[in-house]
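To start, the structure itself, in C-alpha cells.
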Amino acid sequence: MNFATQDLADAELKTGFGVELEIGYRFMPHLGAYAGWGWNQFKSDGASFAGTGDTDFEETGYTVGLQFIHPLGTSENLSYLIRLGGIYNHIEVENSAGDITADSGHGIGWEIGVGLNVGLGSNWHLRPQVGYRALSRDIEIGTTTTDVDLNYIAVGVGIAKVF
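Going by the UniProt record's numbering, the residue at position 12 of the sequence shown is 12; the numbering climbs one at a time, nothing skipped.
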C-alpha cells in the first residue's frame with residue numbers, strides 16, 4: 001500500500017498499490033546491497049493537469065541501495081533492517097480508457113526504509129517494511145509541461161530466501 005504525502009501537481013492521489021522484485025548480496029555480516037524493479041499505481045478521479053475524469057499515474061523503474069540487517073538482542077530469528085537507496089523511475093499518465101497520454105521519462109529519486117526480518121525456517125524470512133520514496137519529474141501533456149513531485153509512504157510485506 002502506498003500513501004501519497006502530497007498531491008501530484010494538482011491531481012489528488014488516492015491510496016496506491018504496487019509490486020516489487022529485488023535481489024540482494026550481503027558483503028559484510030550485517031551490510032548488503034540490493035537492486036530491483038518495481039511498479040506502483042495511484043488513481044485520481046478529478047480534473048487535474050492530466051485531464052478530466054479518471055486518471056492513473058503509474059511509477060515504474062529500478063532501485064539500488066544498501067541495507068543493514070542486525071539481530072534484535074540475542075534473537076536468531078528477529079532482526080531489524082534499515083535501507084537507503086536511489087531510484088531510477090518514470091511516471092506514466094493513463095486516461096480512463098487505459099491509454100498512455102504522457103510519460104515523464106526516467107529520472108533519479110531516493111528511498112529510505114525500516115522494517116523487520118523474521119526468520120521462518122529453512123532460510124525463508126518475512127520482511128514487513130515501511131519506507132518513503134521521493135521522485136521529481138516533468139510531465140509534458142500537449143504544449144504544457146508540469147513539474148510533479150511523487151512522494152509517498154510505502155507499507156509492505158516481502159518474502160526473502162537466503163542462499
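The beta-carbon is built from N, C-alpha and C at its ideal position, and this holds for glycine as well.
For T144, the residue or residues it bridges with in DSSP: According to DSSP, which records beta bridges pairwise, T144 is partnered with I141.
Among T52, N40, N89, nearest to G61 - alpha-carbon criterion: Considering only alpha carbons, the answer is N89.
A163, DSSP secondary structure in three states: Residue 163 is actually Phe in this sequence, not Ala. F163 falls in the coil class under three-state DSSP.
Among A47, Y25, E58, the one whose alpha carbon lies nearest that of T15: The residue with the shortest Cα to Cα distance from T15 is E58.
Option nearest N40 by Cα separation, candidates G32, F27, V93, E140: That would be V93, whose Cα lies nearest to the Cα of N40.
Residue closest to G115, alpha-carbon to alpha-carbon, out of S136, V155, T145, E76: For G115, the closest alpha carbon among the candidates S136, V155, T145, E76 is that of V155.
Within 9 Å, strictly: CB atoms of L13 and K43: For L13 and K43, yes; Cβs fall inside 9 Å.
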